[in-house]
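If you're matching positions, the sequence shown starts at -18 in our numbering and goes up one per residue.
Built from N, CA and C at the ideal position, the CB exists for glycine as well.
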Amino acid sequence: MTMLTELAVKDFALVESVRLHFGSGLAILTGETGAGKSILLDALGMALGDRVGAEAIRHGADKARVEAVFSVDGGDLRLKDALEAAGIETEDDLLILAREVSSAGKSSVRINGRTATVSTLRAIGESLVDIHGQHEHQSLLAVERHVEILDAWCGAEVDKPKAEVATLYQKASDVAKELETLRADARERVRTLDLLSYQCEEIDNASPRVEEEEELLNERMRLSSAERLFAAAGGAVIALRGAEGRGASTGAVDLLGQAVREIESAASFDETLQPLLETLQGALYAVDDAARDARAYRDSVEFNPQRLEEIESRLDTLKTLKRKYGETLEEVLRYRAEIGERLETLTNAEERIAELVVAEAKSRGDLEKACVRLTKARQKGAKPFAEAILRELKDLAMAATRFSVSIEPKVPGRGGADTVEFLISPNPGVPLKPLVKIASGGEISRVMLAMKSVLSRILSVPTLVFDEVDAGIGGRTGTVLGEKLANLSHTAQVLCITHLPQIAARGARHFQIEKRAESGKTVVSVRELDGETRVREIARMLGGEETETVLTHAREMLAGK
């Protein structure tokens, strides 16, 4: 479970230097009236991003520093989202929030050793701690969270319609976005249409083939070298067949034929010449074939200047296409396919717009119907939710309080078409008002405790701090209040400043805050109590003299917590 494990305060208000260690469960802070109990909450608020100026610095110091250390549970999704949004990583599952305020009123913030802004600190702090008794850090006072809280309370009743609304909203948004894009700039679409049409026509008129360029280059090489190729092939024919007419000569074929005849005649006298004869005969056949092929190639050599010009022109056309549309003809053809699809889309834009207008109307209608179903599910859950809150408030001596869930329509969104707000009237004759309008810190704390008790397994803020929660109450109500705080501490870490021994005795840890004069200056100190020191503090809170009877009563309260 994510929780506050350590709070270090230095030169803040009347605190010179304090370092407190916390654990899970209920932690109690007590002290004499005027001892400065709320200073620690102010210091924690500074670590969470509250507005703090130079006036917070202890007299005689040049800066105030507060450091809050939290152990982090990887399953805390709300905190995880806040950290990811800020780009903060945790090391060893620890989150260290440190802040200094200088005498010039300037703040410096470090989160896990990295420099950060106060706004980032505040965003992360809101997912870590709720401080009840001051309006800062009270997530339940944020109206935008009320619909989230109600939906969590309603559970499966709203899960299905809420998921349906989210899906339909996304569909409606996609349709609206595409429609807006198509309508956005008709003139630009016409310009693009003209450009793409020209490009398609240019490529289509050229009709390039992927292998065409290589074929043309080879053909150009042959045509431009026709004379050399003809002479080479002709020379080979003469060497193999011999020259005819004037300057006649004997070629290789005739010479090999003569050699065959000579050996063939001699082989009749010596059989060992037979292999040589076969070799010469094979050579004769091969050379004769080569002579025939050389003559055929010589006769096929083409002298065609016009074709050479055609090839040069075609290569220039292909070069132009590559310069405009791709480094290779394959890329040119791929680009043609792409712009063909775009051209088809743009050409059919008007038809698509007409289709989207119909689709938009339908998607909005479907969304509105789904929102109605979601609203009904929320309305169904709102009444039992309010009744559960009122039962808790009755236990906390607020029996005359009225509590209601207001559900008002708004423009449909991903979360539906409802603005949900919690309204309360703490006193008879007072109209229902938003939670944030409640003036009394004690009333705020008790309302929040009631809501936390009802929602303890739903709300995600891991550390809850209560100040003034016991203002104006005592006796049996104080005992009930202590029980509720103790029960709440089973699912969240709870810190509570109290003046009631019934509550203090319930704590898993107990800290005493004292104010004293030291070397001519006033200093606030904090110490953790255990054993007899805690018994004596409970006895002090019970009132009267520290008699054995009072001490016994204090021990009994601690034993029965």
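Let me check one thing: in DSSP terms, what residues is residue i bridge-paired to?
i      : result
SER188 : In the DSSP output, where bridge partners are listed per residue, SER188 has none listed.
CYS181 : DSSP output for CYS181 lists no bridge partner at all.
SER88  : VAL82
LEU474 : A small correction: the amino acid at residue 474 is Gln; Leu does not occupy that position in the sequence shown. Beta-bridge pairing links GLN474 to THR444.
GLU509 : PHE492
PHE403 : VAL386
THR503 : ALA498
GLY394 : GLY397
LYS44  : SER83
LEU1   : LEU(-12)
ARG95  : ILE92
GLU72  : LEU75
LEU7   : VAL475
My guess is that residue i and residue j are in contact by the Cβ rule of under 8 Å, so how many angstroms apart are they, rounded?
i      : j      : result
LEU430 : LYS465 : 6 Å
ALA207 : VAL282 : 5 Å
LEU149 : ALA351 : 5 Å
GLY488 : LEU7   : 5 Å
LEU258 : ALA248 : 5 Å
CYS181 : ILE320 : 6 Å
ILE388 : ARG359 : 6 Å
ALA473 : LEU445 : 5 Å
LEU296 : VAL313 : So it is not a contact: roughly 14 Å between Cβ atoms.
Does the beta carbon of residue i fall short of 7 Å from some heavy atom of the ligand NAP?
i      : result
LYS343 : The ligand content of the structure shown is nil, which means the ligand NAP is not present either.
Assign residue i to one of two classes, buried (16 or more other C-beta atoms within 10 Å of its C-beta) or exposed (fewer than that).
i        : result
SER108   : buried
MET379   : buried
GLU537   : exposed
HIS491   : buried
GLN255   : exposed
ASP280   : exposed
THR309   : exposed
VAL428   : buried
SER500   : exposed
MET522   : buried
ALA467   : buried
ASP451   : buried
VAL(-1)  : buried
PRO443   : buried
THR530   : exposed
GLN483   : buried
TYR306   : buried
ARG304   : exposed
GLY541   : exposed
MET(-18) : exposed
LYS300   : exposed
GLU125   : exposed
GLU373   : buried
HIS116   : For HIS116, the predicted structure reports a pLDDT of 47, less than 50, and the residue's modelled location is therefore unreliable. The matter cannot be settled from this model.
LYS433   : buried
PHE250   : exposed
PRO365   : exposed
THR326   : exposed
PRO409   : exposed
HIS118   : Confidence is the limiting factor: at HIS118 the pLDDT is only 46, short of 50, which leaves the residue's position unreliable, though a coordinate-based value still follows. So HIS118 counts as buried.
ARG80    : buried
Give the single residue among the options whose Cα lies nearest to the Cα of residue i.
i        : options                            : result
ASP269   : LEU257, ASP57, GLY223 and GLY86    : GLY223
THR400   : PRO415, VAL(-1), VAL411 and ASN408 : PRO415
VAL338   : ASP111, ALA157, ASP62 and GLN262   : ALA157
SER406   : ARG395, GLY394, SER52 and GLU424   : GLU424
GLY86    : ASP74, CYS181 and ARG39            : ARG39
LEU510   : LEU(-12), LYS(-9) and GLY12        : GLY12
ILE494   : LEU1, THR98, THR(-14) and ASP(-8)  : LEU1
ILE292   : LYS44, GLY512, VAL428 and LEU197   : LEU197
PRO393   : SER100, ALA16 and ALA147           : ALA147
LEU324   : ILE334, SER178 and SER434          : SER178
ASP544   : SER88, ARG164 and GLN151           : With the chain running from -18 to 542 in the structure shown, residue 544 is simply not present.
ALA340   : LEU160, ILE105 and ALA79           : LEU160
ASN199   : ASP235, ARG164, LEU289 and ALA24   : LEU289
VAL(-10) : ALA37, LEU7, PRO286 and LEU60      : ALA37
VAL128   : LEU476, SER506 and VAL386          : VAL386
ASN285   : MET202, LEU532 and ALA104          : MET202
ARG383   : LYS44, ALA485 and LEU413           : LEU413
ALA167   : ALA330, CYS477 and ASN186          : ALA330
ASP395   : GLY26, ALA153 and LYS61            : It should be noted that the sequence gives Arg, not Asp, for residue 395. Answer by Cα proximity: ALA153.
GLU402   : ASN408, LEU539, GLY410 and VAL417  : VAL417
PRO390   : PHE366, GLU349 and ILE419          : GLU349
ALA275   : THR260, ALA213 and GLU322          : ALA213
Those runs of the alpha helix (DSSP H) which lie wholly inside the stretch 103 to 146 and span at least 4 residues: 127 to 135
Runs of beta strand (DSSP E) wholly within the stretch 289 to 318 (minimum 3 residues, chain order): none
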